[in-house]
Amino acid sequence: MLNTAILIVSGILCVALILNLWRLLRGPDLSDRILALDTMYINSIALILLYGMHMGTNLYFESALLIAMLGFVSTVALCKYLLRGDIIE
């Protein structure tokens, strides 16, 4: 039962990633593209966590945490660049 739920949710997340990619490529504004990239980070983290649950190992949880930290830092850097035009003060 859990494997079936994991497969269904993985399929839904793959569709969400495809829609995020479409928004990333066709976004009207730069802020829409940054938001789509941030949402792609979150969806990829969810996929990695689901894969870790499916395989029954803790290694994927650590990699998801690493991707979450990198995603946060890159989103903050992109937003800061969008607002000020410079990342380093």
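FYI, the numbering for the sequence shown is 1 to 89, going by full-length UniProt numbering. From the three backbone atoms N, C-alpha and C, an ideal C-beta is built for every residue, glycine too.
Here's the rule I'm using: 16 or more other beta-carbon atoms within 10 Å means buried, otherwise exposed. How should residue i be labelled?
{"i": "residue 18", "result": "exposed"}
{"i": "residue 58", "result": "exposed"}
{"i": "residue 48", "result": "buried"}
{"i": "residue 3", "result": "exposed"}
Which residues in the same chain as residue i place their Cβ atom closer than 6 Å to its Cβ, once the five residues preceding and following it in sequence are excluded?
{"i": "residue 78", "result": "34"}
If you drop the 5 nearest sequence neighbours on each side, which residues of the same chain put their C-beta closer than 7 Å to that of residue i?
{"i": "residue 45", "result": "64, 67, 68"}
{"i": "residue 36", "result": "20, 23, 24, 27"}
Check the Cβ-Cβ distances between residue i and every residue of chain C, and say whether any is below 8 Å.
{"i": "residue 32", "result": "As a matter of chain content, chain C is missing from the structure shown, which is built from one protein chain."}
Comparing alpha-carbon positions, which option in the options lies nearest residue i?
{"i": "residue 41", "options": "80, 72, 31", "result": "72"}
{"i": "residue 10", "options": "61, 54, 76, 85", "result": "54"}
Got a sec? Which residues, its chain only, sit under 8 Å from residue i by beta carbon, not counting five neighbours each side?
{"i": "residue 82", "result": "30, 31, 34"}
Which parts of the segment 14 to 72 are runs of the alpha helix (DSSP H), unbroken and 4 residues or longer, counting only runs that do not cross its ends?
30 to 55
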